[in-house]
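Since the structure comes first, as structure tokens, the remarks are kept for the end.
Numbering (the numbering used here), first residue to last: 416 to 596.
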């Protein structure tokens, strides 16, 4: 695998080696030993998968202590714009974000260490999204930031009229008013 650094320390893209021939393809999507050696030491305890249609925007979500989560995310089918926002108070990149297109075709994965809000927008007709977490989901410790907070300046690459949000995601505070880490 190839590790590609982003503009925010600790957030990395992982590009797997894909072996393809007339039968299809094969790639190793995760190896604990290689991950520890090349990215960081962590133990993932939960895998999640979601399916969403074009225009669905999920986020920006995070877990508060003691249930903060690091995540390794990827798309199995379709295309999404995946976004990680640094919410570590005191961080030199606080409030900045990384946005990358993940797809079933490019097979890129994004690793978000603890201390990041996460969200994605579906750019294709449908997308199947998978992610690993290093802490269990605890609903009473969830936090969120409004996806369209002007302070974040995120271009979700969707027309505003096409964005589909859950009722919950419509009511999150901006970064300035959110309960943070």
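Note that the Cβ used here is the ideal one computed from N, Cα and C, for glycine as well.
- The beta carbon of residue 549 lies closer than 7 Å to those of 457, 458, 459, 460, 484 and 485 in the same chain, with the five residues before and after it left out.
- In this structure, the straight-line span from the alpha carbon of residue 419 to that of residue 520 is close to 18 Å.
- DSSP places residue 520 in the coil class of the three-state scheme, outside both helix and strand.
- Just so you know, the alpha carbons of residue 587 and residue 449 end up roughly 37 Å apart.
- Between residue 543 and residue 417 a beta carbon distance of about 23 Å is seen, past the 8 Å cut, so the two are scored as non-contacting.
- By the Cβ-count criterion, residue 585 is exposed, with fewer than 16 other Cβ atoms from all chains shown falling within 10 Å of its own Cβ.
- DSSP places residue 442 in the coil class of the three-state scheme, outside both helix and strand.
- Taking 9 Å as the cut-off, the beta carbon of residue 565 is found closer than this to the beta carbon of residue 589.
- Taking a C-beta distance under 9 Å as the contact criterion, residue 478 and residue 423 do not qualify as a contact pair.
- Ranked by how close their Cα comes to the Cα of residue 427, the residues 491, 433 and 517 have 517 in first place.
- A distance below 6 Å between beta-carbons, with the five flanking residues on each side excluded, links residue 594 to the following residues of its chain, in chain order: 558.
- By the neighbour-count criterion, in which 16 or more other beta carbons inside 10 Å mark a residue as buried, residue 583 falls on the exposed side.
- Judged by DSSP in its simplified three-state form, residue 551 adopts coil rather than helix or strand.
- Ranked by Cα distance from residue 513, the first of 493, 537, 497 and 505 is 497.
- Assignment of residue 563 by DSSP, reduced to helix, strand and coil, places it in the coil class.
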